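Chains A and B, in that order, are what the protein sequence lines are. Going by this note's numbering, the letters in the first sequence line up with residues 3 to 267, in that order. Going by this note's numbering, the letters in the second sequence line up with residues 3 to 267, in that order. Glycine residues also receive a C-beta, built at the ideal position from the N, C-alpha and C atoms. Bear in mind that the values here come from a model prediction, so they are computed numbers and not experimental data. Have a look at the structure below, then the notes.
Number of protein chains: 2
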Amino acid sequence: MTDIRGYATHDALALAGRLADAARIETLRYFRTDQLATESKEAQFDPVTVADRAAEAAMRDLIEAERPQDGILGEEYDDKQSRSGLTWVLDPIDGTRGYISGTPTWGVLIALCDETGPRLGIIDQPYIGERFIGAPGLAQLQGPQGPRSLKARAPRALGEATLFTTFPEVGTAAEGAAFARVAAAAQLVRYGTDCYAYALLAAGQIDLVIEAGLNPYDICAPIAVIEAAGGIVTDWTGGAAHGGGRVIAAANPQIHADALVLLAG
Amino acid sequence: MTDIRGYATHDALALAGRLADAARIETLRYFRTDQLATESKEAQFDPVTVADRAAEAAMRDLIEAERPQDGILGEEYDDKQSRSGLTWVLDPIDGTRGYISGTPTWGVLIALCDETGPRLGIIDQPYIGERFIGAPGLAQLQGPQGPRSLKARAPRALGEATLFTTFPEVGTAAEGAAFARVAAAAQLVRYGTDCYAYALLAAGQIDLVIEAGLNPYDICAPIAVIEAAGGIVTDWTGGAAHGGGRVIAAANPQIHADALVLLAG
Chain A
3 MTDIRGYATH DALALAGRLA DAARIETLRY FRTDQLATES KEAQFDPVTV
53 ADRAAEAAMR DLIEAERPQD GILGEEYDDK QSRSGLTWVL DPIDGTRGYI
103 SGTPTWGVLI ALCDETGPRL GIIDQPYIGE RFIGAPGLAQ LQGPQGPRSL
153 KARAPRALGE ATLFTTFPEV GTAAEGAAFA RVAAAAQLVR YGTDCYAYAL
203 LAAGQIDLVI EAGLNPYDIC APIAVIEAAG GIVTDWTGGA AHGGGRVIAA
253 ANPQIHADAL VLLAG
Chain B
3 MTDIRGYATH DALALAGRLA DAARIETLRY FRTDQLATES KEAQFDPVTV
53 ADRAAEAAMR DLIEAERPQD GILGEEYDDK QSRSGLTWVL DPIDGTRGYI
103 SGTPTWGVLI ALCDETGPRL GIIDQPYIGE RFIGAPGLAQ LQGPQGPRSL
153 KARAPRALGE ATLFTTFPEV GTAAEGAAFA RVAAAAQLVR YGTDCYAYAL
203 LAAGQIDLVI EAGLNPYDIC APIAVIEAAG GIVTDWTGGA AHGGGRVIAA
253 ANPQIHADAL VLLAG
């Protein structure tokens, strides 16, 4: 395995795994329990739970102890600037609406980024006990059926493709219309999976994920996992996606190109 | 535990558990594998997999061996008339679209019905290893966190409620409009979970599930699980739901009544 800006990938993976382990404990402490308290962060319903904050705090503590020179960008607390050129990008619970509903498709997102973007990522589903991992030289699922390699799908026509997104309305009216053009061309469209859709794409189960209005911490870990599995993640014009916004993840360059044409209108 | 038409509930539960065990083996044999072959049953995309047929056949074999006098109503094979007054209602893979996409929210549905409707039911999610069970005197989840009691939620206002359905369009245009009236009044609406939504309702995680166009084998097991957990399942006019069609599942009679008013228009 190659290094990530002088940080041995093996060591970075080990720390990322410990972060995910810590987040599992904190997120499962409240999942499907009566104690789960929600609060509204914005006028639109967007619950942030006690577990969300506790999981991010636990991950930050581990990073501070082992890699104090690294930056941290997380959903719940202030940014910490990097002095190493590397930054950990954390979403302690991606899919809080799913989390408070009890569905097993929310996840803990952990990425390690340099100035070029995500280099290592984990999508962890604590309740199922599934961990989707991408890093230089590694694309692996650790789950209830044992370790499996992750490999994105071979090309197929849009008319035979499966497309996922989280909300049917997708984003603005214009974004929703662009999504609808791709949806109309696809064979199957499914909703409601949050980060789990990106994990399924890396696992070769689906062809496309299209979303809008994402934050960097929503997409950095999926980018690392999907790219390690041979897929591609960009914004809707083919540019870098790790800044968030409008994102398309595709199993291969061919279906990516086909979908970009329809998104452009 | 009371008997179910002279069949000891303990024995019926044991057989139902063996059916679910057999279906787990057959469904997991193909889940997330390249061998998963799909075929189109109708013009609308509705894949039926090898696993679907194998799982139902395995369950039928067990019923024939132990309870040859019982009827069988399954998705994949011809009906078998009952000579005992009891009928097993089976859906080997509820949510085949989710199954072929790799999501962990499809399920195996097993119900035992008499002339009044479902008396015992199991919603099983093989990949996670979760089994939601309802029978006279029993409402239990067996899952990765050990056994837990199932209890549907206490009443809350529609404006604080979570509503699930599988497809955003729900059914016909009129059915979609009726659903939209309830959705507009709810706090949170989620899609794409198939039978798993009914399991979450029985587990006290959500308040309402509303669907249309269901078959009897889609809803008999959820009815038994939800009623055992204290919830209520009817058609959109408050009548019996085990025949399928338009179905509403509610955590309690209060929110059921509130939603029925909006469904009626």
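1) What are the boundary residues of the beta strand (DSSP E) that residue 127 (chain B) is part of?
2) Mapping DSSP to helix, strand and coil, what is residue 222 (chain A)?
3) Taking only beta carbons into account, state which residues of the stretch 134-150 of chain A come closer than 7 angstroms to chain B, listed in chain order.
4) By DSSP's criteria, residue 171 (chain A) is part of a beta bridge. Which residues make up the other side?
5) So that I know if they touch, is there some Cβ in chain A lying closer than 7 angstroms to that of residue 168 (chain B)?
6) Identify the continuous alpha helix (DSSP H) that holds residue 256 (chain A) and give its terminal residues.
7) Residues of the stretch 104-122 of chain B with a CB closer than 9 angstroms to any CB of chain A: list them in chain order, please.
8) Using a Cβ-Cβ distance cut-off of 7 angstroms, determine whether residue 207 (chain A) contacts chain B.
9) Any C-beta of chain A sitting closer than 7 angstroms to the C-beta of residue 164 (chain B)?
10) Just checking: is the beta-carbon of residue 194 (chain B) within a distance shorter than 7 angstroms of some beta-carbon in chain A?
11) Please go through the stretch 126-156 of chain B and give each complete beta strand (DSSP E) segment of 3 or more residues, from N-terminal end onward.
12) Step through the CB atoms of chain A and report whether any lies within less than 7 angstroms of the CB of residue 202 (chain B).
13) Less than 7 angstroms between the C-beta atoms of residue 68 (chain A) and residue 17 (chain A), yes or no?
14) Tell me which same chain residues have a C-beta within less than 6 angstroms of the C-beta of residue 21 (chain B), skipping the five on either side of it?
15) Just checking: is the beta-carbon of residue 69 (chain B) within a distance shorter than 7 angstroms of some beta-carbon in chain A?
16) On the three-state DSSP scale, how would you describe residue 95 (chain A)?
17) Buried or exposed for residue 118 (chain A), please, with buried defined as at least 16 other CB atoms from any protein chain shown within 10 angstroms of its CB.
18) Any heavy atom of the ligand GTP inside 6 angstroms of the beta-carbon of residue 144 (chain A)?
19) Using a Cβ-Cβ cut-off of 8 angstroms (strictly less than) and excluding sequence neighbours within five positions of residue 13 (chain A), which residues of its own chain qualify?
20) So which residues of chain A does residue 1 (chain B) contact, with C-beta pairs closer than 9 angstroms?
21) Closest Cβ-Cβ distance between residue 130 (chain B) and chain A: below 7 angstroms?
22) Cβ of residue 2 (chain B) within 7 angstroms of Cβ of residue 180 (chain B)?
23) Write down the C-beta distance between residue 11 (chain B) and residue 122 (chain B) rounded to the nearest angstrom, noting that I regard them as a contact closer than 8 angstroms.
24) Contact check, residue 130 (chain B) vs residue 106 (chain A) under 8 angstroms by CB: the rounded distance?
25) Along the chain, where does the alpha helix (DSSP H) that runs through residue 11 (chain B) open and close?
26) Can you tell me where the beta strand (DSSP E) with residue 78 (chain A) in it begins and where it stops?
27) Residue 58 (chain A): which of A:267, A:230 and A:23 sits nearest, CA to CA?
28) So, using beta-carbon positions, are residue 230 (chain A) and residue 136 (chain A) closer together than 7 angstroms?
29) Going by C-alpha distance, which of A:73, A:193 and A:80 is nearest residue 114 (chain A)?
30) Excluding the 5 residues flanking residue 81 (chain B) on each side, which residues of the same chain have their C-beta closer than 8 angstroms to its C-beta?
31) To the nearest angstrom, report how far apart residue 29 (chain B) and residue 205 (chain A) are at their CA atoms.
32) For residue 260 (chain A), count the other beta carbons within 10 Å of its own beta carbon; 16 or more makes it buried, fewer makes it exposed. Which is it?
33) Let me confirm a value: residue 145 (chain B) is counted as buried when at least 16 other C-beta atoms fall within 10 Å, else exposed. Which label applies?
34) With H, G and I counted as helix, E and B as strand and the rest as coil, what does DSSP make of residue 64 (chain A)?
35) Is DSSP giving residue 208 (chain A) helix, strand or coil here?
36) Just to confirm my understanding: we take residue 203 (chain B), look at its own chain, exclude 5 residues before and 5 after, and list those with CB closer than 7 angstroms. What are they?
Answer, in terms of the structure:
1) 119-127
2) helix
3) 146
4) According to DSSP, residue 171 (chain A) bridges with nothing at all.
5) no
6) 255-266
7) 104, 105, 106 and 107
8) yes
9) yes
10) yes
11) 132-137, 140-145 and 148-151
12) yes
13) yes
14) 61, 64 and 112
15) no
16) strand
17) exposed
18) What this structure holds is no ligand at all, so the ligand GTP is not there to describe.
19) none
20) A query on residue 1 (chain B) cannot be resolved here, the shown segment of chain B reaching from 3 to 267 and no further.
21) yes
22) Since the first and last residues shown for chain B are 3 and 267, residue 2 (chain B) lies out of range.
23) 7 angstroms
24) 6 angstroms
25) 11-30
26) Taken as a continuous stretch (DSSP letters only), residue 78 (chain A) belongs to no beta strand (DSSP E), as it is neither H nor E.
27) A:23
28) yes
29) A:73
30) 73, 74 and 75
31) 18 angstroms
32) buried
33) buried
34) helix
35) coil
36) 154, 211, 228, 233, 251 and 253
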